[in-house]
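Protein chains: 6
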Amino acid sequence: MLEAEQRSFDGGAYTVLTFGNASGRLLSAPFFDKDLPFVEGVRRGHVVQVIGDVAEYRGRRQLRVTAPLRLLPAAAVDVTLLLPTVGEVTRYWEVLDGWRREIRKPRLARVLGLLYDDDDFRARYGRCPASINGHHAAIGGLVKHTAEVAAIARTIGRVSGADPDLVLAGVLLHDIGKLESYRWDGVFEYSDGGHLLGHVVLGALMLERRLALEAEAPCTPEERDVLLHLILAHHGRLEFGSPVAPMTLEAEVLHWADNASAKTSSMSEALREAEAFGDSLVSQRKFWQLDYRRAYRGVSDWGAPPAGE
Amino acid sequence: MLEAEQRSFDGGAYTVLTFGNASGRLLSAPFFDKDLPFVEGVRRGHVVQVIGDVAEYRGRRQLRVTAPLRLLPAAAVDVTLLLPTVGEVTRYWEVLDGWRREIRKPRLARVLGLLYDDDDFRARYGRCPASINGHHAAIGGLVKHTAEVAAIARTIGRVSGADPDLVLAGVLLHDIGKLESYRWDGVFEYSDGGHLLGHVVLGALMLERRLALEAEAPCTPEERDVLLHLILAHHGRLEFGSPVAPMTLEAEVLHWADNASAKTSSMSEALREAEAFGDSLVSQRKFWQLDYRRAYRGVSDWGAPPAGE
Amino acid sequence: MLEAEQRSFDGGAYTVLTFGNASGRLLSAPFFDKDLPFVEGVRRGHVVQVIGDVAEYRGRRQLRVTAPLRLLPAAAVDVTLLLPTVGEVTRYWEVLDGWRREIRKPRLARVLGLLYDDDDFRARYGRCPASINGHHAAIGGLVKHTAEVAAIARTIGRVSGADPDLVLAGVLLHDIGKLESYRWDGVFEYSDGGHLLGHVVLGALMLERRLALEAEAPCTPEERDVLLHLILAHHGRLEFGSPVAPMTLEAEVLHWADNASAKTSSMSEALREAEAFGDSLVSQRKFWQLDYRRAYRGVSDWGAPPAGE
Amino acid sequence: MLEAEQRSFDGGAYTVLTFGNASGRLLSAPFFDKDLPFVEGVRRGHVVQVIGDVAEYRGRRQLRVTAPLRLLPAAAVDVTLLLPTVGEVTRYWEVLDGWRREIRKPRLARVLGLLYDDDDFRARYGRCPASINGHHAAIGGLVKHTAEVAAIARTIGRVSGADPDLVLAGVLLHDIGKLESYRWDGVFEYSDGGHLLGHVVLGALMLERRLALEAEAPCTPEERDVLLHLILAHHGRLEFGSPVAPMTLEAEVLHWADNASAKTSSMSEALREAEAFGDSLVSQRKFWQLDYRRAYRGVSDWGAPPAGE
Amino acid sequence: MLEAEQRSFDGGAYTVLTFGNASGRLLSAPFFDKDLPFVEGVRRGHVVQVIGDVAEYRGRRQLRVTAPLRLLPAAAVDVTLLLPTVGEVTRYWEVLDGWRREIRKPRLARVLGLLYDDDDFRARYGRCPASINGHHAAIGGLVKHTAEVAAIARTIGRVSGADPDLVLAGVLLHDIGKLESYRWDGVFEYSDGGHLLGHVVLGALMLERRLALEAEAPCTPEERDVLLHLILAHHGRLEFGSPVAPMTLEAEVLHWADNASAKTSSMSEALREAEAFGDSLVSQRKFWQLDYRRAYRGVSDWGAPPAGE
Amino acid sequence: MLEAEQRSFDGGAYTVLTFGNASGRLLSAPFFDKDLPFVEGVRRGHVVQVIGDVAEYRGRRQLRVTAPLRLLPAAAVDVTLLLPTVGEVTRYWEVLDGWRREIRKPRLARVLGLLYDDDDFRARYGRCPASINGHHAAIGGLVKHTAEVAAIARTIGRVSGADPDLVLAGVLLHDIGKLESYRWDGVFEYSDGGHLLGHVVLGALMLERRLALEAEAPCTPEERDVLLHLILAHHGRLEFGSPVAPMTLEAEVLHWADNASAKTSSMSEALREAEAFGDSLVSQRKFWQLDYRRAYRGVSDWGAPPAGE
């Protein structure tokens with residue numbers, strides 16, 4: 313039982329489907345004209361039952377479908393069980409909630425609580441991916457990424473003398489716009505609003521809207537601007553989609569922590585793609601997530617005894 | 313009676329003040345150490361009474377101050393009388409309100425009315441400059457710029473088949489964030505919020521906030537996103553401060569109309585700066601507003617009778 | 313009876329032809345080795361008679377050729393009847409000639425008349441496309457684009473105080489180089505001179521050459537330079553192919569009007585490509601004509617009665 | 313007793329000296345022609361005794377010299393006592409040496425020991441600044457920066473699953489080239505070799521040279537390349553001076569940790585420059601160390617009791 | 313008997329092999345599933361014996377394999393006989409050695425002799441290609457390129473008054489890192505060290521290492537830095553992979569001579585690719601080696617008698 | 313007797329004149345208010361008689377004017393005697409004419425002769441500078457630069473197999489537009505046409521115009537396009553002012569030869585500016601002509617006997 317995505321070559325000589333489930337992705341063998349009845353009516357995002365076998369073709373595994381795909385009703389399955397996932401996210405919440413309890417600024421704690429003490433928000437935040445097909449593109453990826461950014465930002469903030477409460481606020485708020493920017497039911501996709509407004513501004517609007525619901529303002533206008541700045545500036549530069557560049561120490565800390573989590577995660581995922589390397593230490597592919605760099609996977613033990621990690 | 317701005321050279325050998333009033337700017341002769349009592353206590357944005365005479369020094373006029381500057385209380389004067397101004401703005405309102413009455417989409421008209429039928433909004437919009445020191449940097453500059461963009465966008469929209477109502481909505485909304493981004497009491501300056509969030513996002517937040525005040529949503533969420541997109545995308549490219557690039561025909565029309573008004577206004581202002589040209593047809597200065605281009609002022613009549621344009 | 317263009321995959325497993333006529337483009341089903349006799353001798357730009365049927369393959373229409381293509385002699389057909397076209401161009405000429413009659417500068421009118429009162433020039437200008445495969449890529453596209461630019465430039469010029477006669481001169485002259493830069497017999501292609509010199513400089517050379525034919529110079533050297541500058545600077549920036557950037561108000565006006573016509577036309581064409589959207593409001597394709605942006609086609613009526621525009 | 317640096321304006325109307333000592337920098341009042349005997353023979357980097365008084369001139373403190381500067385012999389003073397300093401560096405060494413003892417790879421520990429167990433190396437490394445006039449530009453700045461990078465890299469490495477030993481190796485080796493690239497006797501300056509080769513490559517050459525001194529290679533050629541790559545790639549991109557971009561997870565971790573330490577340090581130093589702000593929350597100056605961004609120093613306590621951090 | 317490289321399309325419908333030998337490259341006809349036994353076990357870089365015939369398919373020659381490829385043992389053949397080659401390289405050595413004998417600086421001559429009087433170095437240098445698949449990508453390409461750069465640099469150096477000995481030193485040293493950066497046994501490939509460190513820095517390290525072998529330093533440290541600078545700066549700009557930009561006249565001369573040889577060689581190779589032109593004077597392909605420019609091959613004789621060159 | 317150029321500081325506290333003659337440039341001591349009668353009526357480009365003395369002020373020579381400047385009538389002096397010059401240019405003409413006589417293509421020789429056999433053209437070409445204030449900015453600089461480019465291009469062309477006649481044609485034609493783009497009477501300046509059209513296109517127009525004067529076309533249209541392409545493409549890239557990039561081997565050769573002459577000339581001039589170095593081997597100034605690089609002037613003799621270069 314698998315999720316399906318269709319591809320076709322220009323000219324349509326054949327079609328290859330990408331099936332995916334929680335454990336990974338697999339391409340089908342090509343479907344030629346005669347095979348088309350097998351895939352009739354299947355569209356991107358549909359959940360299907362597949363009968364076939366996995367074979368190796370010139371060094372790559374592919375799934376040869378031997379019977380027509382059977383389309384399953386959306387309501388019949390929990391599609392997120394079929395998507396890649398980071399697993400249990402409780403540990404990430406524990407880290408984030410623990411640090412949140414250390415906040416010593418009352419108005420700041422209250423603002424964060426408007427979102428982070430809200431069960432519906434937590435339910436969605438705990439499942440949202442951190443990207444569509446880049447770093448942490450998995451159910452639960454966003455909260456995992458947030459916990460990583462928190463750990464890194466905490467260290468950078470301590471080293472540079474930043475305010476730890478504001479740093480944590482930035483960590484918790486910077487990506488909330490992804491809840492409205494992405495869809496993760498069936499496939500990972502941008503919502504229309506995600507395309508039109510982007511997750512950076514969507515996050516600022518979400519915070520603004522949530523604050524407006526309170527009869528009494530939970531913080532001053534100046535404080536609100538500082539929080540909005542943290543969200544807006546977290547991409548660091550205009551050409552990366554931030555409408556303003558960081559002007560506070562905490563925004564600077566957040567920017568580098570976010571980058572560090574995202575880019576090392578992409579590198580680490582690249583190094584796990586065995587097919588990209590073949591027999592070589594240097595990848596034969598250039599990874600778009602790494603700005604088209606290659607990766608090198610060293611194998612030396614530097615003389616260490618093999619027990620270790 | 314003039315507005316004053318201080319300058320000093322690194323090392324502080326002397327100080328030059330820039331005085332300004334509604335009719336232009338004038339630099340002072342240098343103040344050396346012995347002259348300092350004349351300028352004691354005067355700061356940028358202060359309103360002062362000046363006694364002195366205007367002389368020419370190597371081809372530039374300068375104001376030689378002959379008595380100590382007299383600081384005037386802020387409440388005693390209408391500082392905007394001392395700032396450059398575009399003059400009476402009624403004509404611009406007439407154009408904009410006239411076209412607004414042509415709107416045939418009820419929900420769109422209602423959203424625009426939330427701002428443009430509000431007297432306080434109109435009072436502020438009618439005085440706000442369109443930039444701090446670039447194009448239309450004058451009291452009333454914003455509404456003049458808006459009327460220009462409207463005229464241009466109307467033509468581009470007609471030619472390209474865009475929806476005229478949405479184009480006008482974009483024209484009227486794209487720069488509303490400048491009301492919170494700039495200050496124009498005494499000198500033209502960025503507000504703190506203008507620095508931290510930028511006028512592009514401030515405009516989106518203003519619209520969001522205003523919509524939230526209505527008990528019943530004046531438009532659908534999808535319609536709101538289309539309006540927010542018009543605001544957010546009007547700079548056209550990420551590196552120019554838009555967090556998203558135009559995705560609708562109306563956003564594309566708005567972007568080019570805005571650019572056309574701003575850039576031709578800068579060129580036209582450059583050509584009026586007689587001092588930049590001296591005796592030449594080509595300016596000796598490269599204008600930063602024109603990305604450091606020079607300007608050329610032709611003088612030929614192409615054989616036309618002199619009876620004026 | 314159709315125009316044909318060949319494509320082949322690296323490795324040559326099959327070939328797909330793109331057929332085109334005045335109403336659009338259509339891809340063939342793939343030709344495999346056994347089908348090659350069907351396409352023997354057919355080259356890009358040839359006019360052929362096709363027998364076959366149109367079928368749908370995974371959501372795309374394709375033409376299945378059922379008999380060998382029949383090559384038609386070039387002289388036997390008016391190839392431009394087979395190319396996309398903007399239709400009757402009289403209305404564009406009326407706009408341009410009407411505005412040209414308003415010119416009040418005798419020498420300027422005379423220079424423009426050297427080209428625009430010449431029947432051969434008009435015949436070619438009225439059929440030339442405005443680009444090979446971008447905006448207004450159709451027979452008559454250039455004169456349509458010119459009329460659009462004229463309308464937009466007229467408005468921008470009025471708003472910014474530019475000289476209307478010079479603005480119109482720029483509009484009429486800026487793209488004349490395309491007459492020598494493109495070929496539109498059979499397919500739209502660059503001429504060798506178009507590749508080697510570019511339409512910007514070809515236009516300047518054309519004007520220079522035409523002026524040189526007159527026994528008595530129709531304008532002064534300074535005036536000629538102003539016209540040449542309008543042509544050369546119309547792309548606005550060096551990296552876009554203009555060897556000089558605009559230095560006059562009229563050149564600035566022209567640049568933005570040209571951009572506005574070209575880019576909104578591309579956006580508008582993108583929005584009409586139904587296949588790029590499928591069921592979505594956001595295009596699944598990124599359009600190269602829009603610098604790889606996606607497009608969004610809104611569907612809301614904002615509460616307006618359906619009577620249409 | 314102070315260090316002196318001379319400045320002069322084009323045209324030479326006057327001269328301003330910048331005096332510095334361990335506690336900061338101070339500009340002199342201008343020296344005009346008549347004052348020149350006071351500064352006779354003083355050159356950049358000289359140590360001088362100054363007699364004068366500090367006064368305020370238009371909001372900036374300046375030092376009015378009232379007697380001729382007295383040049384002191386270089387040998388008579390410990391010039392580094394006159395330079396800005398990070399203070400006692402033992403704590404940084406403790407961190408670095410402590411983590412170094414945790415290394416579990418014998419050959420890696422041995423390579424690092426070749427430098428970090430060498431007393432002469434430690435003496436120089438412990439005094440070298442981390443930049444000439446950017447971040448950590450102080451005696452001891454390099455070892456402080458190294459300890460910061462170590463802390464940050466340790467966290468990023470843990471989060472991303474990098475090899476902790478290789479990450480630490482990168483931290484300890486990445487900036488060793490600064491020992492040959494900078495001079496810190498009197499003033500902070502680039503050495504000629506620093507200009508010609510840059511600290512990135514100088515570091516690689518230093519490691520290569522040190523390894524060559526060992527009779528038996530302390531590591532394999534492949535391992536050496538991995539270490540050299542860490543040094544060479546630490547600026548992350550070609551345009552920032554790295555001849556290769558990071559290809560290993562550890563090089564990626566190092567790059568972001570280095571950036572985070574350097575950039576947040578620059579931001580933090582900018583926020584401490586009271587003169588750049590005057591009465592404002594937003595700096596009036598754009599800091600070159602921050603790519604010409606302004607900085608914002610918030611003052612809100614968010615309702616927290618004043619007992620301080 | 314040929315070298316083989318495998319390609320496959322995404323989805324794996326078929327496979328095309330590129331065979332190469334000293335006289336060029338040739339693609340195979342596609343291998344479909346049924347043909348797979350023909351290519352069993354063949355990998356990139358293998359030497360194989362091929363039986364088949366060459367046919368034309370839509371204007372391109374392709375090799376139809378009619379019997380299983382026969383893998384040959386690596387030791388059985390001199391693979392470099394199968395690779396493209398520049399032919400006999402003695403003439404290049406004569407030029408370089410001749411000019412080297414003119415050097416009048418003893419220590420410089422000695423340094424160069426450490427490499428260029430070493431037989432093993434000469435053997436490798438004389439076979440190494442100058443690039444993997446760009447300019448001079450052939451056995452012996454590096455020494456040919458070096459002789460070209462020498463001739464060009466000699467002329468530029470004479471015209472600009474550079475030191476001829478240092479210019480020659482730069483020419484001889486700038487690309488020595490390619491010996492460790494490339495592999496040319498079977499196919500042209502980067503070594504792992506080539507990926508990790510790049511040929512620019514590998515060259516600097518090679519020189520450093522060679523100098524370290526001498527008991528007595530053959531030149532002063534300042535002289536060594538000048539030589540290392542020549543190597544490091546030869547790409548001219550940071551974004552092209554030089555960690556420092558040229559600061560000496562000789563480094564500037566070298567940079568332009570290197571560029572001139574590489575880029576005109578690429579253009580000249582592009583013009584020889586008949587398939588890229590078809591019937592046209594302008595190539596239908598944009599060459600990546602020329603930054604995606606097209607090429608034009610003129611055919612005029614300008615009235616010259618045909619005897620010609 | 314000297315040429316004069318005025319400078320003034322913002323605020324006008326004083327004025328510094330730059331005097332120049334054929335042997336160099338010298339700045340005046342500052343003129344303060346009281347000194348203004350000395351410089352009354354003197355403007356940029358005027359020829360004046362100066363009485364004064366040269367003194368050293370903080371390491372820079374300056375000219376103290378002790379009597380009012382005396383303005384000389386333009387007709388009374390050969391201003392080019394007062395401008396920097398490359399000296400006698402016969403040797404450059406001999407090189408160029410000698411190589412021109414080797415041309416074996418009759419129509420090409422005839423086209424070049426239209427300009428290069430014209431005495432008026434030669435007179436102007438032989439005096440024109442090669443830039444306003446960059447490389448070869450001296451009377452005769454253009455023909456000197458042309459001879460340098462010829463020598464370099466000849467070598468590059470030989471190495472790369474380019475057509476030597478076309479290469480020489482490109483060398484001789486590429487900069488002819490500078491004759492109309494610059495003025496060199498009194499000071500080096502751009503003409504208005506130079507600003508509006510640029511020397512690249514002015515050169516193309518000059519050639520076009522000259523060819524049009526011939527009753528019978530001296531070459532075919534295709535040949536003319538090849539020559540125009542050589543002129544237009546010689547800056548190599550759009551962002552450097554070429555409206556098209558090189559598409560022929562000869563245009564590529566020309567581009568690199570032109571760059572090599574210009575850039576090494578700038579480097580060589582930078583190294584001769586003793587004031588930029590002071591006591592250092594590395595310049596304290598970054599030269600704008602070298603894209604803000606510093607320069608290094610080595611002093612080692614590498615053990616060579618001192619007997620001159």
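Protein chains in written order, with our numbering: chain W, 313 to 621; chain F, 313 to 621; chain E, 313 to 621; chain H, 313 to 621; chain D, 313 to 621; chain P, 313 to 621. Cβ coordinates follow ideal geometry from the N, Cα and C atoms, glycine included.
- With respect to chain W, the C-beta atom of E551(F) has a partner C-beta closer than 9 Å.
- Residue pairing from DSSP places V594(F) in a beta bridge opposite Y608(F).
- Around R376(P), the same chain offers A341, G364, D365 and A367 as residues with beta carbons nearer than 7 Å, after the five sequence neighbours per side are excluded.
- With a threshold of 9 Å between beta carbons, V513(F) makes contact with chain W.
- G469(D) and Y608(W) have their alpha carbons spaced roughly 41 Å apart.
- Within a 10 Å sphere around the beta-carbon of Y604(P) sit fewer than 16 other beta-carbons, which makes this residue exposed.
- Under a criterion of Cβ atoms nearer than 9 Å, the residues of chain D adjacent to D504(H) are, in order, E534 and D537.
- Any Cβ of chain P closer than 9 Å to the Cβ of L383(H) would place that residue at the interface, and such an atom is absent.
- By the Cβ rule, the segment 513-526 of chain E counts as touching the segment 415-426 of chain E, because three or more pairs are nearer than 8 Å.
- Residue pairing by DSSP leaves I468(H) without any beta bridge partner.
- Its Cα nearest to that of F433(E), the residue E492(E) stands out among D497(E), E492(E) and N571(E).
- Excluding the 5 residues flanking it on each side, Y502(P) has same chain C-beta neighbours closer than 7 Å at I444, S493 and Y494, in chain order.
- The three-state reading of DSSP puts A367(W) in strand, counting E and B together.
- In the DSSP assignment, L384(P) falls within the beta strand (DSSP E) that extends over R382 to L384.
- Within the same chain, V594, S595 and K598 come within 7 Å of R606(W) by CB-CB distance, once the 5 residues on both sides are set aside.
- By the criterion of a C-beta distance shorter than 8 Å, E534(F) is surrounded by no residue of its chain, once the five residues flanking it on both sides are discounted.
- One finds E520, R521, A524 and L525 in chain E with Cβ atoms closer than 9 Å to the Cβ of A524(P), taken in chain order.
- Annotation for V565(D): the continuous alpha helix (DSSP H) segment containing it runs L561 to R584.
- Within the segment 559-571 of chain H, the residues whose Cβ lies closer than 8 Å to some Cβ of chain W are M559, T560, L561, E564, V565, W568, A569 and N571, listed in chain order.
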